[in-house]
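J.: Which chain is which? The protein sequence lines are H and P, in order. Start counting the first sequence at 14; every next residue gets the next number (the numbering used here). Start counting the second sequence at 369; every next residue gets the next number (the numbering used here).
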Amino acid sequence: MERRAFLKAGGASLASALMGSGMLTWSARSEAATISQTLYITDGTKTMPDGVSLYVKGYGTTANTPLIPAPSIICQEGDTLSITVYNMLSVTHNLVIGGLVSGSAPIASTGDIAPGGNKTLTYTIPSGAAGSYLFYDNKTSYNRFLGLHGGLAIMPAGISNQLYSGSPTFVKQQFWILNDIDPALNTAVKNGTTIPTSFTPRYFTINGLSSRPPGAAGHGDPTIDALYDPRSRLSGHIGDRTLVRMLNTGMCSHAVHTHANHMEWLTDRGTVRPSVWKKDTLYLRNNLGKIDAIFPFEAPPDAYPPVTSGHFPMHLHDEMSQTAGGGLYQFGSMTELEFL
Amino acid sequence: MGMKGGSGGGGGMGSACYVYPGAPATPGFVTPDVLFQRGIYMNGSMTFDDGNAVTIWGFTDLAAGGGGGMGGGSFPSPAMRVTEGQIVHTALTVNMMWMHTVHHHGIEPSQENDGVGHFSWDVTNGTYTYQWRPSHAGTYFYHCHTNTPLHAEMGMYGGLIVDPVPNPNDPPGTKRAFANGPIYDVEAIWAADEIDPAWHTLQWSAGTCGGDVGLNNLNPRYFIITGVDGANSALTNPGVAVTMQKGQRLLVRYICAGFHPQKIDFGGLTATVVASDGRPLPQAWQTTSIEAHSAERYDCIFQPTTTGTWTVTVTYYHWRSGAVLGTARTRINVV
Numbered sequence: 014m015e016r017r018a019f020l021k022a023g024g025a026s027l028a029s030a031l032m033g034s035g036m037l038t039w040s041a042r043s044e045a046a047t048i049s050q051t052l053y054i055t056d057g058t059k060t061m062p063d064g065v066s067l068y069v070k071g072y073g074t075t076a077n078t079p080l081i082p083a084p085s086i087i088c089q090e091g092d093t094l095s096i097t098v099y100n101m102l103s104v105t106h107n108l109v110i111g112g113l114v115s116g117s118a119p120i121a122s123t124g125d126i127a128p129g130g131n132k133t134l135t136y137t138i139p140s141g142a143a144g145s146y147l148f149y150d151n152k153t154s155y156n157r158f159l160g161l162h163g164g165l166a167i168m169p170a171g172i173s174n175q176l177y178s179g180s181p182t183f184v185k186q187q188f189w190i191l192n193d194i195d196p197a198l199n200t201a202v203k204n205g206t207t208i209p210t211s212f213t214p215r216y217f218t219i220n221g222l223s224s225r226p227p228g229a230a231g232h233g234d235p236t237i238d239a240l241y242d243p244r245s246r247l248s249g250h251i252g253d254r255t256l257v258r259m260l261n262t263g264m265c266s267h268a269v270h271t272h273a274n275h276m277e278w279l280t281d282r283g284t285v286r287p288s289v290w291k292k293d294t295l296y297l298r299n300n301l302g303k304i305d306a307i308f309p310f311e312a313p314p315d316a317y318p319p320v321t322s323g324h325f326p327m328h329l330h331d332e333m334s335q336t337a338g339g340g341l342y343q344f345g346s347m348t349e350l351e352f353l
Numbered sequence: 369m370g371m372k373g374g375s376g377g378g379g380g381m382g383s384a385c386y387v388y389p390g391a392p393a394t395p396g397f398v399t400p401d402v403l404f405q406r407g408i409y410m411n412g413s414m415t416f417d418d419g420n421a422v423t424i425w426g427f428t429d430l431a432a433g434g435g436g437g438m439g440g441g442s443f444p445s446p447a448m449r450v451t452e453g454q455i456v457h458t459a460l461t462v463n464m465m466w467m468h469t470v471h472h473h474g475i476e477p478s479q480e481n482d483g484v485g486h487f488s489w490d491v492t493n494g495t496y497t498y499q500w501r502p503s504h505a506g507t508y509f510y511h512c513h514t515n516t517p518l519h520a521e522m523g524m525y526g527g528l529i530v531d532p533v534p535n536p537n538d539p540p541g542t543k544r545a546f547a548n549g550p551i552y553d554v555e556a557i558w559a560a561d562e563i564d565p566a567w568h569t570l571q572w573s574a575g576t577c578g579g580d581v582g583l584n585n586l587n588p589r590y591f592i593i594t595g596v597d598g599a600n601s602a603l604t605n606p607g608v609a610v611t612m613q614k615g616q617r618l619l620v621r622y623i624c625a626g627f628h629p630q631k632i633d634f635g636g637l638t639a640t641v642v643a644s645d646g647r648p649l650p651q652a653w654q655t656t657s658i659e660a661h662s663a664e665r666y667d668c669i670f671q672p673t674t675t676g677t678w679t680v681t682v683t684y685y686h687w688r689s690g691a692v693l694g695t696a697r698t699r700i701n702v703v
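#1: Does any C-beta atom of chain P lie closer than 9 Å to the C-beta of Lys291(H)?
#2: Near Val554(P), what residues of its chain come up, given a Cβ to Cβ distance below 8 Å and the 5 sequence neighbours on each side ignored?
#3: Taking contact to mean 3 or more Cβ pairs, one atom from each stretch, closer than 8 Å, check whether the segment 559–574 of chain P and the segment 511–523 of chain P are in contact.
#4: What span of residues does the beta strand (DSSP E) with Glu311(H) cover, start to end?
#5: Excluding sequence positions up to five away, which residues of its chain have a Cβ less than 6 Å from the Cβ of Asp193(H)?
#6: Please report the residue range of the beta strand (DSSP E) in which Lys291(H) lies.
#7: Among residues of its own chain, excluding the 5 on either side of Thr695(P), which ones have a beta-carbon nearer than 8 Å to its beta-carbon?
#8: Check whether the Cβ atoms of Leu350(H) and Arg282(H) lie closer than 9 Å to each other.
#9: Could you work out which residues of chain P lie near Glu332(H), taking near to mean beta carbons separated by less than 7 Å?
#10: So, with DSSP's three-state summary, where would you put Pro565(P)?
#11: Closest to Ser122(H) by CA distance: which of Ala229(H), Leu94(H), Pro139(H) is it?
#12: Give every residue of the same chain whose Cβ lies closer than 6 Å to the Cβ of Thr135(H), excluding the five residues on either side of it in the sequence, and list them in chain order.
#13: For Tyr388(P), decide whether its Cβ has a neighbour in chain H, counting only Cβ atoms nearer than 9 Å.
#14: Give me the Cα-Cα distance between Ala41(H) and Gly141(H), rounded to the nearest whole angstrom.
#15: Interface residues of chain B around Leu583(P) at Cβ under 9 Å?
#16: Compare the beta carbon distance of Leu295(H) and His270(H) with 9 Å and say whether it is the shorter of the two.
#17: Please return the same chain residues whose Cβ sits closer than 6 Å to the Cβ of Asn605(P), not counting the five positions on each side in sequence.
#18: Just checking: is the beta-carbon of Ala228(H) within a distance shorter than 9 Å of some beta-carbon in chain P?
#19: Could you tell me the alpha carbon to alpha carbon distance between Leu37(H) and Leu256(H), rounded to whole angstroms?
#20: Have a look at Ile529(P), Ala559(P), Asp531(P), Met467(P) and flag the residue whose alpha-carbon is nearest the alpha-carbon of Leu518(P).
#21: Taking Cβ positions, are Pro446(P) and Thr594(P) nearer each other than 9 Å?
#22: Does DSSP classify Phe344(H) as helix, strand or coil?
#23: Do the CB positions of Thr461(P) and Ser488(P) come within less than 9 Å of each other?
#24: In this structure, what does DSSP give as the bridge partners for Val554(P)?
#25: Between Arg215(H) and chain P, is any beta-carbon pair separated by less than 9 Å?
#26: Please state whether the Cβ-Cβ distance between Gly124(H) and Asn107(H) is less than 9 Å.
#27: Starting from the beta carbon of His162(H), find every residue of chain P whose beta carbon is closer than 9 Å, and list them in chain order.
#28: Ala76(H) and Met101(H): beta carbons closer than 9 Å?
#29: For Met101(H), which residues in chain P fall below 8 Å Cβ to Cβ?
#30: Determine, using beta carbons only, whether Cys88(H) comes closer than 9 Å to chain P.
#31: Could you pull out every residue in the same chain whose Cβ sits closer than 7 Å to the Cβ of Val104(H), ignoring the five residues on either side in sequence?
#32: Which whole runs of the beta strand (DSSP E) in the segment 46–127 of chain H are 3 residues long or more, in chain order?
#33: Can at least three beta-carbon pairs, one atom from the segment 567–586 of chain P and one from the segment 337–348 of chain H, be found at a separation below 8 Å?
#34: Closer than 6 Å by C-beta to Gly373(P): which residues in its own chain qualify, once you throw out the five before and the five after it? Chain order, please.
#35: Mind pulling the chain H residues with CB within less than 7 Å of Trp687(P)?
#36: Just to confirm, are Asn584(P) and Met333(H) a CB contact at a threshold of 9 Å?
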């Protein structure tokens, strides 16, 4: 059910469009616009790397196919978001846009959406709100773990290459939305039984997918393999500085580790860092933690002879997350860093 | 099903999947300035303060007479120490019974020399020489990147320090954290790790062909600093606890070597954090504690102005619940 689905809102366009590219594409505007999106809360099943099929929920663009994560939305300060959400399921759901600072109250909500009903969230983005946001269902504490989540990028007004006015610049941007899955939760929700009070995740995803190493079924398929998913994979030439908006919708804290280059660490939990540190490993908190960082696509500095191309991993260094079903190392939350 | 690998030995018997055996020639091989010859051991052990012990795997120094498989060795593995700009070779020899790699964490070489199995090869039945040239002084570590959750937990890691090129204007013997960085007199490397004994009964390729061997669920019972039990031993072990003179400057290289998040509290001393992950900070950061996650490193300068003893505590938190899993303690003694 995973789709390469990203939204483009360029010029004075008032409607969103789903793009085939994995990257968030953006052209700054001098005027505000209304960004419209229609989403359907629906359910389905998703096959884990070990073949286990799990019940999931997601925000889709059609009435019967959940997308995990939801199509990303990009807009700029001053725009008005108009998100209409249809609830196709038999229990009440919602969609909220989480606050910029982790732990702060949501900035907008549809309110409760009854089964079969719909609500429209309308929110005009104030200046100073530029940053990375998770939208999700907070009707329960666990709905976002089931797949009801997506990324919202708010750009500074009129700026196309900065996270916030005055930030280091980038030429590309992407989301890494991390999730952890405990089948006991998914099964309990499906069967309407008691929700577990403690979770032990067994599957780990980045933008809804897990990696598949060479030789595995699905390796190289961008709809299955997180190594090749263009929403996740960073691919660039030297100098293609890429902003990565990392959102943790899952249960666990993570250590995000890039090979080949250190990252420029811009924000932690929605707050701009006092200065930009260069890090090869970043502590991404659970409970809706978030980080913005730039992967600079510089020549790997310690190669001899020097190189400018190659393939490297980004993986989580809390290595339990690199497994599936209690084993299968290399089938977890990982993607590829491709130096063209 | 993926490629099959070798099996057996001190890590136990068993088939392996999604491994990429190889030991090819090094692209662009040149004569190095520094050579590390590493073997592996698969039957070491560590005994804790309560008398219990677990199996430990690690790397050996073949040049120093280290063994090549079934025996034991030091834990952590022998440290590597090099100088910025040197061409370094890490020659890893593994026999046909196992597969391993060396990933120099934080060092950023070419793909072939990065030591990640499925992006290059898992070394077996021969020697692969990783060639790299460090460009930034600082604190790193090296570890095996084959079936990484298990092999790193089993102990296959060691410290890796890159020193700056000596400043010709400094007196001989001057030690700096990085070029034009702070001078230090005393150094400590604290690799804080946690041990789940249940994982230490597994064979080297456990779980790679599927099946639930519990690698998603690390429930540590022991908490260690640089291979020493943090329950009591690390409080006094001379390889961990620091004894320094008042007026001296201490550099602590803190490595978060476990998989769960940690907090290191310096017991009332204030650290001046000057670098992280092998890069100087734009401005030094003063703090009495640091929260860190797996594989982060922080370089901390201390210059106590009074004599005394400070107890440093590393607290380990569950990655999901945030519950305290345990603590490890050591000391800074200023005399």
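Where is the CB? At the ideal position from N, CA and C, for every residue including glycine. The structure displayed is predicted, hence computed values, not measured ones.
T.: Concretely, from the data shown:
#1: If you number the first sequence from 1, residue 291(H) lands on position 278. At least one chain P Cβ lies under 9 Å of Lys291(H).
#2: Within the second sequence, the letter at position 186 stands for residue 554(P). The beta carbon of Val554(P) sits closer than 8 Å to those of Val610, Met612, Gln616, Arg617, Leu618, Leu619, all from its chain and outside the five residues before and after it, given in chain order.
#3: With the cut-off at 8 Å, the segment 559–574 of chain P and the segment 511–523 of chain P touch.
#4: By 1-based counting over the first sequence, the position of residue 311(H) is 298. That residue, Glu311(H), is in no beta strand (DSSP E); it is neither H nor E in DSSP.
#5: Within the first sequence, the letter at position 180 stands for residue 193(H). The residues Pro214, Phe217, Gly263, Met264, Cys265, in chain order, have a CB closer than 6 Å to that of Asp193(H) in the same chain once the five nearest residues on each side in sequence are set aside.
#6: Here the question's residue 291(H) lines up with position 278 in the first sequence. 284–292 is the span of the beta strand (DSSP E), which, as asked, contains Lys291(H).
#7: As a position in the second sequence, residue 695(P) is number 327, starting the count at 1. Closer than 8 Å at the Cβ level, and outside the excluded window around Thr695(P), lie Phe591, Gly598, Thr681, Val682, Thr683, Tyr684.
#8: Your numbering for residue 350(H) matches position 337 in the first sequence. Your numbering for residue 282(H) matches position 269 in the first sequence. Arg282(H) sits away from Leu350(H), with the two beta carbons spaced by 9 Å or more.
#9: In the first sequence, the residue the question calls residue 332(H) occupies position 319. Proximity of chain P to Glu332(H) at the Cβ level (cut-off 7 Å) is accounted for by Thr516, Pro517, Ala520, Phe627, in chain order.
#10: Reading the second sequence from its first residue, position 197 is the one you call residue 565(P). Note: Pro565(P) maps to helix in three-state DSSP.
#11: Counted from its first residue, the first sequence places residue 122(H) at position 109. The shortest C-alpha separation from Ser122(H) is found at Leu94(H).
#12: Sequence index remark: in the first sequence, residue 135(H) carries index 122 (1-based). Taking Thr135(H) as the centre and dropping the five residues before and after it, the same chain places the C-beta of Ser95 closer than 6 Å to its C-beta, in chain order.
#13: Translated into the one-based positions of the second sequence, residue 388(P) becomes position 20. Output row for Tyr388(P): interface = yes.
#14: The residue labelled residue 41(H) in the question sits at position 28 within the first sequence. The residue labelled residue 141(H) in the question sits at position 128 within the first sequence. Answer to the nearest angstrom: the Cα atoms are 16 Å apart.
#15: In the structure shown, chain B cannot be found, because the protein chains are H and P.
#16: Residue 295(H) sits at position 282 when you count from the first residue of the first sequence. Residue 270(H) sits at position 257 when you count from the first residue of the first sequence. Yes, the pair counts as a contact, with Cβ atoms nearer than the cut-off.
#17: Numbered from its first residue, the second sequence carries residue 605(P) at position 237. Around Asn605(P): Val596.
#18: Your numbering for residue 228(H) matches position 215 in the first sequence. Ala is not the amino acid found at residue 228(H); the sequence shown has Gly there. Yes, because at least one Cβ of chain P sits closer than 9 Å to the Cβ of Gly228(H).
#19: As a working note, residue 37(H) is residue 24 in the first sequence. As a working note, residue 256(H) is residue 243 in the first sequence. If I take the Cα positions, the gap works out to 10 Å.
#20: As a working note, residue 518(P) is residue 150 in the second sequence. If we check each option's Cα against that of Leu518(P), Met467(P) comes out closest.
#21: Here residue 446(P) refers to the residue found at position 78 of the second sequence. Here residue 594(P) refers to the residue found at position 226 of the second sequence. Contact flag unset, no.
#22: Position 331 of the first sequence, counted from the start, is the residue given in the question as residue 344(H). Coil, per DSSP.
#23: Position 93 of the second sequence, counting from 1, holds the residue named residue 461(P). Position 120 of the second sequence, counting from 1, holds the residue named residue 488(P). The criterion of a C-beta distance shorter than 9 Å is not satisfied by Thr461(P) and Ser488(P).
#24: Reading the second sequence from its first residue, position 186 is the one you call residue 554(P). Under the DSSP definition of a beta bridge, Val554(P) partners with Leu618(P).
#25: The count along the first sequence starts at 1 and reaches residue 215(H) at position 202. Interface annotation, Arg215(H): in contact with chain P, CB-CB separation under 9 Å.
#26: What you label residue 124(H) is simply residue 111 of the first sequence in a count that begins at 1. What you label residue 107(H) is simply residue 94 of the first sequence in a count that begins at 1. The Cβ atoms of Gly124(H) and Asn107(H) lie closer than 9 Å to each other.
#27: By one-based count along the first sequence, residue 162(H) stands at place 149. Simply none; closest approach about 17 Å.
#28: Taking the first residue of the first sequence as 1, we reach residue 76(H) at position 63. Taking the first residue of the first sequence as 1, we reach residue 101(H) at position 88. Less than 9 Å separates the beta-carbon of Ala76(H) from that of Met101(H).
#29: To locate residue 101(H), count along the first sequence from 1; it is residue 88. Neighbours of Met101(H) on chain P: none; closest Cβ ~30 Å, over 8 Å.
#30: Translated into positions along the first sequence, residue 88(H) becomes position 75. Not one chain P Cβ lies under 9 Å of Cys88(H).
#31: Position 91 of the first sequence holds residue 104(H). So the list reads Pro128, once near-sequence residues are dropped.
#32: For the segment 46–127 of chain H, whole beta strand (DSSP E) runs of length 3 or above, ordered along the chain, are 47–60, 66–73, 86–89, 93–100.
#33: Segments in contact, yes.
#34: Indexing the second sequence from 1 puts residue 373(P) at position 5. Its pLDDT being 35, under 50, Gly373(P) is placed unreliably by the model, and nothing is read from it.
#35: For the purposes of this step, residue 687(P) is taken as the residue at position 319 of the second sequence. Within chain H, the residues near Trp687(P) are Cys265, Ser266, Asp331.
#36: Numbered from 1 along the second sequence, position 216 holds the residue referred to as residue 584(P). Numbered from 1 along the first sequence, position 320 holds the residue referred to as residue 333(H). By the CB criterion at 9 Å, Asn584(P) and Met333(H) fall inside the cutoff.
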